[in-house]
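Chemist: For the protein sequence lines, the chains are A and P, in the order given.
Residue 9 in this note's numbering is what sits at position 9 of the first sequence, and the numbering runs on without skipping anything.
Residue 497 in this note's numbering is what sits at position 188 of the second sequence, and the numbering runs on without skipping anything.
Ideal placement from N, C-alpha and C gives every residue a C-beta, glycine not left out.
This is the structure I want to talk about, given as structure tokens.
Protein chains: 2
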Amino acid sequence: MKLLVVGSVAFDAIETPFGKTDKILGGAATFIGLAASVLKTDVSLVSVVGGDFPQSYLDLLESRGIKTQGIEMVREGKTFFWSGRYHNDLNTRDTLVTEVNVMADFDPKVPDAAKDAEILMLGNLHPSIQLSVLEKMQKRPQLVILDTMNFWMDTALDTLLEMINKTDVITINDEEARQLSGEYSLVKAAQKIHTMGPTYVIIKKGEHGALLFHEGKIFAIPALPLEDVFDPTGAGDTFAGGFAAHLAKTSDLSFENMKSALIVGSAMASYTVEEFGTERLQKVTAEDLRTRVAAFKQLTTFEVDLYFD
Amino acid sequence: MKLLVVGSVAFDAIETPFGKTDKILGGAATFIGLAASVLKTDVSLVSVVGGDFPQSYLDLLESRGIKTQGIEMVREGKTFFWSGRYHNDLNTRDTLVTEVNVMADFDPKVPDAAKDAEILMLGNLHPSIQLSVLEKMQKRPQLVILDTMNFWMDTALDTLLEMINKTDVITINDEEARQLSGEYSLVKAAQKIHTMGPTYVIIKKGEHGALLFHEGKIFAIPALPLEDVFDPTGAGDTFAGGFAAHLAKTSDLSFENMKSALIVGSAMASYTVEEFGTERLQKVTAEDLRTRVAAFKQLTTFEVDLYFD
Chain A
1 MKLLVVGSVA
11 FDAIETPFGK
21 TDKILGGAAT
31 FIGLAASVLK
41 TDVSLVSVVG
51 GDFPQSYLDL
61 LESRGIKTQG
71 IEMVREGKTF
81 FWSGRYHNDL
91 NTRDTLVTEV
101 NVMADFDPKV
111 PDAAKDAEIL
121 MLGNLHPSIQ
131 LSVLEKMQKR
141 PQLVILDTMN
151 FWMDTALDTL
161 LEMINKTDVI
171 TINDEEARQL
181 SGEYSLVKAA
191 QKIHTMGPTY
201 VIIKKGEHGA
211 LLFHEGKIFA
221 IPALPLEDVF
231 DPTGAGDTFA
241 GGFAAHLAKT
251 SDLSFENMKS
261 ALIVGSAMAS
271 YTVEEFGTER
281 LQKVTAEDLR
291 TRVAAFKQLT
301 TFEVDLYFD
Chain P
310 MKLLVVGSVA
320 FDAIETPFGK
330 TDKILGGAAT
340 FIGLAASVLK
350 TDVSLVSVVG
360 GDFPQSYLDL
370 LESRGIKTQG
380 IEMVREGKTF
390 FWSGRYHNDL
400 NTRDTLVTEV
410 NVMADFDPKV
420 PDAAKDAEIL
430 MLGNLHPSIQ
440 LSVLEKMQKR
450 PQLVILDTMN
460 FWMDTALDTL
470 LEMINKTDVI
480 TINDEEARQL
490 SGEYSLVKAA
500 QKIHTMGPTY
510 VIIKKGEHGA
520 LLFHEGKIFA
530 IPALPLEDVF
540 DPTGAGDTFA
550 GGFAAHLAKT
560 SDLSFENMKS
570 ALIVGSAMAS
580 YTVEEFGTER
590 LQKVTAEDLR
600 TRVAAFKQLT
610 TFEVDLYFD
């Protein structure tokens, strides 16, 4: 299946306890696209950048088989820029700078060749932009995956709810699931979010893993325990990208295969956090992925002999 | 194998957002013993109670096959009493009352018949009491399991470290593991705790499950996602009890069997939190346990077809 991704292609400047970067390649669509390219998925990006965006970054994406025709370049504008500083525990961060720039007037252009994509991955953006992309598709994709965040719950809830209503799979973190649903129990939160539209609800819990809910069934995975997390930037996007790309590559949208997709996404994200930004993700090989998927298997496999009577 | 358990047998008075209790049966050894009795394990408790402790509670334990000869009754004293109020999220609580009472002078008496127990489960207590029990054994048990908490790290660290050094399996929560090791990464924390003595480190993460570390290997389980947690009191003790009892019942101290034991302990604890105190745990049947172990299997089982090349 073809995968169409909408989201930011941007500059990030990151500070962690281990070091800091100048402006480097970032953005949700970038991480999602790179994750998809590891699986050699047919993937197109829709985004917007400014005249300051280096051709070398576009070449990098193209060289990995990522279709970039949908990345508009506004010559007179500047690329979206985010800068943040992580705290010592790496679980929390302060945003230092957000320059929306060309993203403020982003009117996504979906290339004709991508309008029939079977899977649409809507990266974190204003929900009205996400909605507009859905409307530009030739027909409704077989699977619409939505990533969003609390910012849109606070500032554009009605539009977000309209978008959620048209979504098959929503990915949000645990605090956001609680905010969106008003329920503390994640099981109840997922039940409530199901009634808003999505038949699949993925709740991301960072270092504690993720949960997938569907028709009363639950699948849970831990995160791969890592000795060091170097930079968490893009981990959630990589996870979503690996998830969507696995489904596209295997052309299988069953619950069972979504479980596998969760593992692939998590394995991929476990690499992203090892270096700054996209640096590690760019180097991930099939063999790497195989290793981490096997690690997940070993991490979670058990047998219980039901002797008790 | 025989299981010997040392810990509090006590009164609890609990307030949750869903209701409150008068003084009810509580204490670490009580939960551990009841969990072991579900598996029909050969289990003896060592503890101390006051003259106010109802014979009916002792009868209850005896009726479940739990050996109570090691529970000393100090007629003129009062039983340990704890009272607490849980916050709305049930993850945090305030202690309202702690009356140590007869526990202040607890000098554990290990019945002769239990001195050769192969597995010693040291429930959360002052580490000097835990050490004294170990010294009273006929010979060193094959497996010493230690539960402890941050309070002893703050008030009796040297003695605690001496106890930890004589421990095979330590169970602590994530924050305590960080405090004990000075490491934020749980992988590094476990590595450091290994150097203190225990070859097995279990880190409990509450609603996020648990991790088992041994010789560079890691096993992770999620907690069973529950719609409602009614009262978390005793969940950690039930978990430890189910874990220790499974090992005793199966006479198998291998890493593979410890993974199973973690599942059995978690399945057991998932019942404890459904009602106040020991109420639900007292009613758990083998069939119940089978159901929840199967739920864990369903929750965590996945296949990934390694198509990527």
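For a cutoff of 8 Å on Cβ pairs, would you count A/S185 as touching chain P?
Modeler: Yes - at least one Cβ of chain P is within 8 Å of the one on A/S185.
Chemist: Among P/K311, P/V357, P/T325 and P/S353, which residue has its Cα nearest to the Cα of P/A640?
Modeler: Since the displayed chain P opens at 310 and closes at 618, residue 640 of chain P lies outside it and no answer follows.
Chemist: The alpha helix (DSSP H) spanning A/Q298 covers which residue range?
Modeler: Per DSSP, A/Q298 belongs to the alpha helix (DSSP H) from A286 to T300.
Chemist: Please list, in chain order, the chain P residues whose beta carbon lies closer than 8 Å to that of A/F230.
Modeler: Near A/F230 there are no residues of chain P at all, since even the closest Cβ is about 11 Å away, more than 8 Å.
Chemist: Is there contact here, the stretch 364–371 of chain P with the stretch 386–403 of chain P, by at least three beta-carbon pairs under 8 Å?
Modeler: Flag = no, the stretch 364–371 of chain P and the stretch 386–403 of chain P do not touch.
Chemist: Check whether the stretch 498–510 of chain P and the stretch 183–194 of chain A are in contact - that is, three or more C-beta pairs closer than 8 Å.
Modeler: No, the stretch 498–510 of chain P does not touch the stretch 183–194 of chain A.
Chemist: How long is the line joining the alpha carbons of P/S569 and P/L429, rounded to whole angstroms?
Modeler: Near 19 Å, if we compare the C-alpha coordinates of P/L429 and P/S569.
Chemist: Mind listing which residues of the stretch 558–573 of chain P have their C-beta closer than 8 Å to chain A's C-betas, in chain order?
Modeler: Those residues of the stretch 558–573 of chain P that come within reach of chain A (Cβ to Cβ, closer than 8 Å) are K558, T559, E565, K568, S569, L571, I572 and V573.
Chemist: For the stretch 315–348 of chain P, list every residue whose C-beta sits within 7 Å of some C-beta in chain A, in sequence order.
Modeler: Going along the stretch 315–348 of chain P in chain order, one finds L348 with a Cβ nearer than 7 Å to chain A.
Chemist: At a Cβ threshold of 8 Å, is P/T407 touching chain A?
Modeler: Taking Cβ atoms only, chain A never reaches closer than 8 Å to P/T407, which makes this a no.
Chemist: Report the option in A/M153, A/L160 and A/T159 whose CA atom is closest to the CA atom of A/R178.
Modeler: Here the closest residue by C-alpha is A/M153.
Chemist: What residues from chain P crowd round A/T300, counting only those whose CB sits closer than 7 Å?
Modeler: In chain order: A529 and T609.
Chemist: Cβ closer than 8 Å: which chain A residues qualify as neighbours of P/Y580?
Modeler: Within chain A, no residue comes near P/Y580; the closest Cβ sits about 14 Å away, beyond 8 Å.
Chemist: Taking only beta-carbon atoms, is P/V593 less than 8 Å away from chain A?
Modeler: By this cut-off, P/V593 is not an interface position.
Chemist: Using the C-alpha atoms, what's the distance from A/A104 back to A/K249?
Modeler: Spanning the two alpha carbons is a distance of roughly 33 Å.
Chemist: Just to confirm, is the Cβ distance from A/A210 to A/K204 under 8 Å?
Modeler: Contact: yes.
Chemist: Taking the alpha-carbon positions, what's the P/V419 to P/L434 distance?
Modeler: Distance between the alpha carbons of P/V419 and P/L434: 16 Å.
Chemist: According to DSSP, is A/Q130 part of a helix, a strand, or is it coil?
Modeler: Note: A/Q130 maps to helix in three-state DSSP.
Chemist: Determine whether the beta carbon atoms of P/V315 and P/V442 lie at a separation below 8 Å.
Modeler: It is a contact, given that the beta carbons lie within the stated cut-off.
Chemist: From P/T600 to A/P17, what does the alpha carbon distance come to, in whole angstroms?
Modeler: So the alpha carbons of these two residues sit roughly 45 Å apart.
Chemist: Using a threshold of 8 Å, state whether the C-beta atoms of P/W578 and P/I341 are closer than that.
Modeler: A small fix is needed here, since residue 578 of chain P is Ala in this sequence, not Trp. In this structure, P/I341 does not lie closer than 8 Å to P/A578 by Cβ.
Chemist: Are the C-beta of P/K497 and some C-beta of chain A separated by less than 8 Å?
Modeler: Chain A, which has a Cβ nearer than 8 Å to the Cβ of P/K497, makes this yes.
Chemist: Using a Cβ-Cβ cut-off of 8 Å, state whether P/H435 counts as contacting chain A.
Modeler: It does not: the Cβ of P/H435 has no partner Cβ on chain A nearer than 8 Å.
Chemist: Can you tell me the Cα-Cα spacing of A/K283 and A/P141, whole angstroms?
Modeler: So the two alpha carbons sit approximately 31 Å from each other.
Chemist: Touching or not, the stretch 292–301 of chain A and the stretch 233–247 of chain A, by the rule of three or more beta carbon pairs under 8 Å?
Modeler: No contact exists between the stretch 292–301 of chain A and the stretch 233–247 of chain A.
Chemist: For the stretch 182–258 of chain A, list the beta strand (DSSP E) runs that are entirely contained and at least 3 residues long, ordered along the chain.
Modeler: Listed in chain order, they are 200–204, 210–214 and 217–221.
Chemist: Can you list, in chain order, the residues of the stretch 197–210 of chain A whose Cβ is nearer than 9 Å to any Cβ on chain P?
Modeler: For the stretch 197–210 of chain A, which is checked against every Cβ of chain P, the residues closer than 9 Å are K205, E207, H208 and G209.
Chemist: Taking 8 Å as the CB-CB limit, is P/L615 close to chain A?
Modeler: Output row for P/L615: interface = yes.
Chemist: Any idea what DSSP makes of A/L137, helix, strand or coil?
Modeler: The question names Leu, yet the displayed sequence has Met at residue 137 of chain A. Note: A/M137 maps to coil in three-state DSSP.
Chemist: With a cut-off of 8 Å, does the C-beta of A/R290 fall near any C-beta of chain P?
Modeler: So yes, A/R290 belongs to the interface.
Chemist: Starting from A/P225, find everything on chain P with Cβ-Cβ shorter than 9 Å and list it in chain order.
Modeler: S494, L495, V496, A499, L520, F522, I527 and A529, listed in chain order.
Chemist: Would A/A220 pass as a contact of P/P534 if the rule is Cβ separation under 8 Å?
Modeler: Yes, the Cβ-Cβ distance between A/A220 and P/P534 is below 8 Å.
Chemist: Please list the partners that A/D42 has in chain P, where partner means a Cβ-to-Cβ separation under 9 Å.
Modeler: In chain order: nothing, as chain P lies at least about 14 Å away.
Chemist: Less than 8 Å between CB atoms is the rule here; does A/V293 satisfy it with respect to chain P?
Modeler: At least one chain P Cβ lies under 8 Å of A/V293.
Chemist: Taking A/E303 as the query, report the chain P residues whose CB atoms sit under 7 Å from its CB, ordered along the chain.
Modeler: Within 7 Å Cβ-Cβ: S569.
Chemist: Under the three-state reduction of DSSP, which class applies to P/L434: helix, strand or coil?
Modeler: The answer is coil: DSSP assigns P/L434 none of H, G, I, E or B.
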